[in-house]
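Heads up: the structure comes next, in structure tokens.
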Amino acid sequence: FSGALAEQQPSEAVVTAPVTRVYTPAFPLKYGCNPHQKPAQILSRLDQKLPFDVLNGTPGYINLLDAANAWQLVVELRQATGLASASSFKHVSPAGAAVAVPLTDVEYQAYEV
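Residue numbers for the sequence shown follow the numbering used here, so the first one is 16 and each next one is one higher.
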């Protein structure tokens with residue numbers, strides 16, 4: 016298959032040099048994918064900081080997937096609606112999502128804000 020593909024597009028075949036990246040442990044995970052598995056780690060590129068901070072506790076792998084998926088949904092909701100939004104995931108499935116709209120005067124009074 017590779018030979019046939021190269022014959023069809025010989026001028027577009029480009030060989031590049033291998034890329035080596037160095038990763039360093041960022042923090043340990045509570046466990047692997049499941050509680051019975053050995054603990055795992057999150058690694059980051061040597062020259063880069065992770066795009067989030069863990070504020071409390073030790074997350075598991077699924078917790079990080081939930082956080083990443085929830086953030087992705089929040090970003091998509093913001094792009095689609097232009098409104099602030101929130102989402103929740105449980106075991107990599109969406110559990111809830113909402114967008115914010117300003118409160119009416121009646122709602123301000125009802126909620127005592």
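Ideal placement from N, C-alpha and C gives every residue a C-beta, glycine not left out.
Helix, strand or coil, according to DSSP, for residue i in the structure here?
i: R60; result: strand
i: A110; result: strand
i: T39; result: strand
i: A101; result: strand
i: N84; result: helix
i: V121; result: helix
i: Q52; result: coil
State yes or no: is the C-beta of residue i within less than 9 Å of the C-beta of residue j?
i: Y46; j: G72; result: no
i: A41; j: L70; result: no
i: V129; j: S100; result: Outside the displayed span of the chain (16 to 128) sits residue 129, for which this structure offers no information.
Buried or exposed: residue i, going by 16 or more other Cβ atoms within 10 Å of its Cβ?
i: D81; result: buried
i: A85; result: buried
i: S102; result: buried
i: F133; result: The requested residue 133 does not occur in the structure, where the chain is confined to residues 16 to 128.
Going along the chain, which residues of its own chain have a beta-carbon closer than 6 Å to the beta-carbon of residue i, five neighbours each way excluded?
i: I57; result: A41 and F42
Pull up the CB-CB distance for residue i and residue j, whole angstroms please, since I reckon it's below 8 Å.
i: P33; j: L44; result: With 8 Å as the limit, P33 and L44 do not qualify as a contact, their Cβ atoms being about 29 Å apart.
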